[in-house]
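So the number in our numbering is just where the residue sits in the sequence shown, counting from 1, plus 629. Take a look at the structure below.
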Amino acid sequence: MQIDIIPQVPAAIAPDRFLALSRELQAVSDRLGGAVFLGPQVGPVGAICFCGVNERFRSMSLLRDMPIPCAVVQDPVRPWFTGSSVCPELPDLLRRLQAHMPQVQRWLVFGQSSGGYAALHASRLLPDSLAIAFSPQTFDDRVMRGRIGHPPGIRKSYVQEPIADLAAVFAERPSQNPAFVISSINETENPVEDFVWLDHMHWARIAHFPSVRIFLLETQNHSLLYRKGGFFASVLADLVKHDNFGIEFASGWLSDRLYRRG
């Protein structure tokens, strides 16, 4: 796996340079598995951004305010991080990232769509972590999707590779690590000729686990980061500054930020 090492945390990089860097990484995303941002400040908290299907390194905009060591990873061949020539499967990937950031003891892991799936899965593989998943998939939905009818002109989107059923993973690996899902009320503003994911079907599969919290937004599309990337980048950066990943504090704090009025 090819990983670029960048000797600054994202918050220390000028905004125009950070944007240029994301474009440089995007240009080689067919062979580059990720990048690690390491600054002079050594602390116990680190972050991992898992890029979603079709997003590649565009997802790294979520890191732009991060004041801590962090990584962005992507796999254009197997976007659900099940292992390819570009990026190893998730357990091996996490071991490699931990080797690059050995000082990190607590992890904030996040991503959208297939990246959200990886973040949720990672929350059961890392001993001390908090996952935030935007519109994630949680199981291989191909058989179920084949039994659901759609009006003509609507394209079904589905998981394109065999993945673990996160309901089974969460049952087999009980953990107090918080796993938060952020999803839209519905998907009526998706370009339906391109995709409909049925996000509710996915988050409902794990909603009964005690460590899971679901946050629904007054939005109508699958991609929450398309118009709200800047807002979520600031939310994630503020969360790590609190350095409190307890489920009650973190869920209450996140609820306040997401539903704040005015």
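Beta carbons are placed, not taken as given, at the ideal position from N, Cα and C, and that holds for glycine.
Check	Outcome
Own chain, CB closer than 6 Å to ARG889, minus 5 neighbours either side, in chain order	none
Coarse secondary structure for TRP736, derived from DSSP in three states	strand
Length of the line joining the Cα atoms of LEU723 and ILE814	32 Å
Rounded C-alpha distance that separates TRP832 from VAL810	7 Å
Selected residue, minimal CA-CA separation from ARG685, among PRO791, GLN703, PRO698 and MET695	GLN703
GLN741, DSSP secondary structure in three states	strand
CB of PRO803 within 9 Å of CB of ARG842, strictly	no
Meets three-Cβ-pair contact criterion under 8 Å: the region 741-757 and the region 793-803	yes
Expected contact under 8 Å - CB spacing of LEU853 and PHE710 to nearest Å	Rounded, the Cβ-Cβ distance is 20 Å, inconsistent with contact.
Alpha carbon of PRO765 to alpha carbon of PRO636, nearest angstrom	31 Å
Cβ-Cβ distance between SER840 and ILE876 below 9 Å	yes
Runs of alpha helix (DSSP H) wholly within the region 719-795 (minimum 4 residues, chain order)	719-729, 743-751 and 771-774
ALA808 - partner residues in DSSP beta bridges	ALA760 and VAL841
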